[in-house]
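S.K.: Residues 0 to 305 in numbering that gives the first Met the number 0 are what the sequence shown lists, from first letter to last. What follows is a single structure, and I will ask about it in a moment.
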Amino acid sequence: MSAFDQAKHEVERARFLGDVRDLLAILRRQPNELLPFEWVRHLAPDGEFQRGLQTIEVDHIIGSVDRYREFDRHYLPKERHLDERWIGVRSAQLQGKELPPIQVYKVGDLYFVKDGNHRVSVARRQGQKYIDAYVIELHVTVPPEEDDTLKTLIIKGEYAQFLKATNLDRVVPGHCDIRFTTPGRYERLLEHIRTRQYFLDRKPERAGLPPVTFEEAAESWYRRMYSRIVENIEKHDVMTRFPGRTEADLYLWIMDHRYFLTQKYGHDVGSEEATVDFGAHHAPPAYKRLGQRMRLMLRGRLSPTM
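Structure, rendered in structure tokens:
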């Protein structure tokens with residue numbers, strides 16, 4: 000078989016496999032598209048650096064600048080009009096010709112192809128582990144992950160802005176990640192910190208002292224409020240009653256519930272009582288929790304033991 004005929008056979012197999020993966024993705028309700036590089040702007044990159052020629056891992060390439068509609072997430076070709084270019088690249092490879100390096104943007108530990116999408120597709124089909132690339136690195140505070148969607152990237156971008164506003168990485172080194180499952184929640188955390196700052200400033204023991212800075216309020220909020228709720232969530236095993244949610248989701252709900260109970264009883268019930276009461280009265284019914292766990296397991300986002 001000639002190099003051309005072999006490459007033609009391989010691209011037809013690749014498109015067939017792509018159709019199978021598309022079907023499986025629909026059944027599992029999982030995304031099967033490359034990430035558009037444009038979505039990276041939601042991560043608020045704050046620096047660009049030329050890293051020159053490097054050898055990178057092929058499996059860490061998750062997106063493309065302008066060809067993200069033409070390949071699936073495994074870099075399998077999706078359209079017949081791609082065959083000619085794909086065959087040309089594979090034929091050259093079979094004939095022992097040296098292919099030029101690709102060009103990529105690096106974001107975190109992952110890559111988006113600027114030039115060389117067909118070379119990446121051929122490399123993935125051959126099980127190639129590494130490929131040479133000219134790398135441009137973008138610095139982001141919260142890096143992307145392979146299974147990210149537009150929604151999760153927007154949330155990560157909001158988290159990055161929250162970290163910059165609070166300097167939490169510096170004032171509380173090694174703090175636990177604060178991740179939401181819904182956009183638009185970090186502004187509420189900033190409101191909590193501003194409220195904390197207001198009340199700290201008005202404590203009698205601070206008379207004559209300089210005003211509490213926003214960073215000091217952020218540290219106090221994290222250690223005295225957020226961490227305590229997270230500890231109570233773990234202590235009373237509340238997370239298992241809310242599959243697919245995060246500690247940050249529950250923190251906001253529990254704080255609202257604490258306010259409700261305080262108004263109801265006429266005194267502050269405290270974070271632990273609010274956590275226990277919220278878990279007891281607001282968790283989804285058992286059958287709904289089971290359905291949620293099954294859906295999350297099918298999407299690979301929950302282990303069977305959770």
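Ideal placement from N, C-alpha and C gives every residue a C-beta, glycine not left out. Please read all numbers here as calculations on a predicted model, not as lab measurements.
1) Relative to the C-alpha of PHE111, which residue among GLY126, LYS96, TYR133 is closest?
2) For the beta strand (DSSP E) that ASP131 lies in, which residues bound it at each end?
3) For the pair the stretch 232 to 243 and the stretch 209 to 222, tell me if three or more CB-CB distances fall below 8 Å.
4) Would you list the residues sitting across from GLU329 in a DSSP beta bridge?
5) Determine, using beta carbons only, whether THR54 and TYR104 come nearer to each other than 8 Å.
6) Counting pairs of Cβ atoms below 8 Å between the stretch 211 to 218 and the stretch 166 to 186, do you hit three or more?
7) Out of curiosity, what's the CA-to-CA distance linking TYR158 and TYR185?
8) With a 10 Å radius around its C-beta and 16 neighbouring C-beta atoms as the bar for buried, classify PRO242 as buried or exposed.
9) Measure from the alpha carbon of ARG195 to the alpha carbon of each residue in GLU204, GLY207, THR212, then state which is nearest.
10) Quick one: is ALA6 buried, meaning 16 or more other Cβ sit within 10 Å of its Cβ, or exposed?
11) By how many angstroms is the C-alpha of GLY87 removed from the C-alpha of PRO99?
12) Which residue spans inside the stretch 20 to 97 form an unbroken alpha helix (DSSP H) run of at least 4?
13) Whole angstroms are fine: how far does the CA of GLU136 sit from the CA of VAL10?
14) I need the DSSP call for LYS202, collapsed to helix, strand or coil.
M.R.: Taking the structure as given:
1) By one-based count along the sequence shown, residue 111 stands at place 112. It is TYR133 whose Cα lies nearest to the Cα of PHE111.
2) What you label residue 131 is simply residue 132 of the sequence shown in a count that begins at 1. Its beta strand (DSSP E) spans residues 129 to 137.
3) no
4) Residue 329 is absent from the model: the chain starts at 0 and stops at 305.
5) On the sequence shown, position 55 is the one that residue 54 refers to. On the sequence shown, position 105 is the one that residue 104 refers to. No. Outside cutoff.
6) yes
7) Translated into positions along the sequence shown, residue 158 becomes position 159. Translated into positions along the sequence shown, residue 185 becomes position 186. Rounded to whole angstroms, TYR158 to TYR185 spans 7 Å at the Cα level.
8) Along the sequence shown, one-based indexing puts residue 242 at 243. When all chains shown are included, PRO242 counts as buried.
9) As a working note, residue 195 is residue 196 in the sequence shown. Checking every option, the nearest Cα to that of ARG195 belongs to THR212.
10) Within the sequence shown, residue 6 is the residue found at index 7, counting from 1. ALA6 comes out buried.
11) Taking the first residue of the sequence shown as 1, we reach residue 99 at position 100. Taking the first residue of the sequence shown as 1, we reach residue 87 at position 88. If I take the Cα positions, the gap works out to 13 Å.
12) 82 to 93
13) Taking the first residue of the sequence shown as position 1, residue 10 is located at position 11. Taking the first residue of the sequence shown as position 1, residue 136 is located at position 137. When rounded, the distance between both Cα atoms is 31 Å.
14) On the sequence shown, residue 202 is found 203 positions in, with the first residue counted as 1. LYS202: coil per DSSP, three-state reduction.
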